[in-house]
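Under our numbering, the sequence shown has 109 at position 21, and the numbering climbs by one with no breaks.
Virtual Cβ for every residue (Gly too), placed ideally from N, Cα, C.
Treat the numbers as computed from the prediction; the structure is a model and nothing was measured.
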Amino acid sequence: MTATPEKIIPYSTITCPECGHKSKEKMPTESCQFFYECKNCGKVLRPIEGDCCAYCSFGDVPCPPIQIATPAVR
């Protein structure tokens, strides 16, 4: 069973691997966000190989397109 648009979790807490700063962010719903700039140290986060975006690599909740496409991601 995949997530429906009304059951999408729109926020993710993204953690910078450089400085450890955590920030709760609203994710874009229609696309993946490839880059994310840390609000503390300024490091630009890029997805780890195999992930579609910075939220899937460094967030505690995968991005909405992955939530919709992946069964039981929540």
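- List the whole-angstrom C-beta distance separating residue 135 from residue 142, where the pair is believed to meet the contact cut-off of C-beta under 8 Å. For the purposes of this step, residue 135 is taken as residue 47 along the sequence shown, with counting starting at 1. For the purposes of this step, residue 142 is taken as residue 54 along the sequence shown, with counting starting at 1. Contact flag correct, Cβ pair sits at about 6 Å.
- Starting from residue 100 and walking both ways along the alpha helix (DSSP H), at which residues does that stretch end? Translated into positions along the sequence shown, residue 100 becomes position 12. Where residue 100 is concerned, there is no enclosing alpha helix (DSSP H), although the beta strand (DSSP E) it sits in stretches over 99-103.
- Task: Leaving aside the five residues before and after residue 114 along the sequence, list all residues of the same chain whose C-beta is less than 8 Å from its C-beta, in chain order.
- Result: Your numbering for residue 114 matches position 26 in the sequence shown. A distance below 8 Å between beta-carbons, with the five flanking residues on each side excluded, links residue 114 to the following residues of its chain, in chain order: 98 and 99.
- Compare the beta carbon distance of residue 103 and residue 148 with 9 Å and say whether it is the shorter of the two. Residue numbering aside, residue 103 sits at position 15 when the sequence shown is read from its first letter. Residue numbering aside, residue 148 sits at position 60 when the sequence shown is read from its first letter. In contact: residue 103 and residue 148 (Cβ atoms closer than 9 Å).
- Query: residue 127 and residue 145 look like a contact to me (Cβ under 8 Å); what is the Cβ gap, rounded to whole Å?
  - Reply: For the purposes of this step, residue 127 is identified with residue 39 of the sequence shown, where counting begins at 1. For the purposes of this step, residue 145 is identified with residue 57 of the sequence shown, where counting begins at 1. So it is not a contact: roughly 17 Å between Cβ atoms.
- Task: Would you decide whether residue 152 is buried or exposed? Buried here means 16 or more other CB atoms lie within 10 Å of its CB.
- Result: Position 64 of the sequence shown, counting from 1, holds the residue named residue 152. Counting the other CB atoms within 10 Å of its CB gives residue 152 a total of 16 or more, which places it among the buried residues.
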